[in-house]
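Under UniProt numbering, the letters of the sequence shown match residues 1 to 152, in that order.
Yeah, the Cβ is synthetic: ideal placement off N, Cα and C, and Gly gets one too.
None of these values were measured; they are calculated from a predicted model.
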Amino acid sequence: MNSVDSDKAASPATASDTAEPIAKLAYATPETAPLVPGRREFFRYRDLGVTDATGGRMRAQLTIATGDMQQTGWHYHLCESQFIFTLRGWVDLLIEDGRKIRVSAGESLLIPGGLKHNEIAVSKDFELLEVSVPAKMGTVACDPPEAFASQR
């Protein structure tokens, strides 16, 4: 039988050898995840407790369609990255390189910070898990990129 150094095997990830763990446990249910203000009036947002648990290093929230969506307009985010995983329905995005991407239920998309994009449509049953690094993510409106110059 192989032996395992239980101290090493059970050690949590830490910022340094002497620091506290860099994150705390976060558990959310539909009943405990509060509605929070968000970037768009046509979505509802539920906070999953990750921002507090990570000291602001990461944010996870549910985004839920509330009715008729309006295009977000061309924008980019001030963050390291934004990850989306569609739980129900779909979202259509235009990406600065000229692509139109539909992210449907069960599909994901990683949007690097600074990448220009425009959300142009969602299904009525749209629901998405969004994770951003860091938690605080700025949104900057911008002109359409060259690939979409006719939208200027």
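Looking at the strands, I want to know which residues DSSP matches up with S104.
As a working note, residue 104 is residue 104 in the sequence shown. DSSP, once it has assigned bridges, lists W90 as partnering S104.
Between Y61 and L78, is the Cβ-Cβ spacing less than 7 Å?
Locating residue 61 in the sequence shown gives position 61, counting from the first residue. Locating residue 78 in the sequence shown gives position 78, counting from the first residue. Going by the sequence as given, residue 61 is Gln instead of Tyr. Going by C-beta atoms, Q61 is not nearer than 7 Å to L78.
Thinking just about the alpha-carbon of each residue, which of D52, F42, G38 and R99 is nearest to the one in L25?
Taking the first residue of the sequence shown as 1, we reach residue 25 at position 25. Looking from the CA of L25, the closest CA among D52, F42, G38 and R99 belongs to D52.
Under a Cβ-count criterion, where at least 16 other Cβ atoms within 10 Å of its own Cβ denotes burial, should residue 157 be classed as buried or exposed?
Any property of residue 157 remains undetermined from this structure, which presents the chain solely from 1 to 152.
Going by C-alpha to C-alpha distance, which of F42, E96 and Y27 sits closest to E146?
Taking the sequence shown and counting its residues from 1, the one referred to as residue 146 is at position 146. Ranking F42, E96 and Y27 by Cα distance to E146 puts E96 first.
Using the Cβ count rule (16 or more neighbours within 10 Å means buried), how would you classify E130?
Position 130 of the sequence shown, counted from the start, is the residue given in the question as residue 130. Buried, by the Cβ-count rule.
R57 to Q82, Cα distance in whole Å?
Within the sequence shown, residue 57 is the residue found at index 57, counting from 1. Within the sequence shown, residue 82 is the residue found at index 82, counting from 1. Taking the straight line joining both Cα atoms gives about 12 Å.
When we look at the beta-carbon of S150 and count the other beta-carbons within 10 Å, is it buried (16 or more) or exposed?
Here residue 150 refers to the residue found at position 150 when the sequence shown is read from its first residue. Exposed, since its Cβ has fewer than 16 Cβ neighbours within 10 Å.
T86 vs L128 beta-carbon contact at 7 Å:
On the sequence shown, position 86 is the one that residue 86 refers to. On the sequence shown, position 128 is the one that residue 128 refers to. For T86 and L128, yes; Cβs fall inside 7 Å.
Would you report the Cα separation of A121 and L93, rounded to the nearest angstrom?
Taking the first residue of the sequence shown as 1, we reach residue 121 at position 121. Taking the first residue of the sequence shown as 1, we reach residue 93 at position 93. So the alpha carbons of these two residues sit roughly 7 Å apart.
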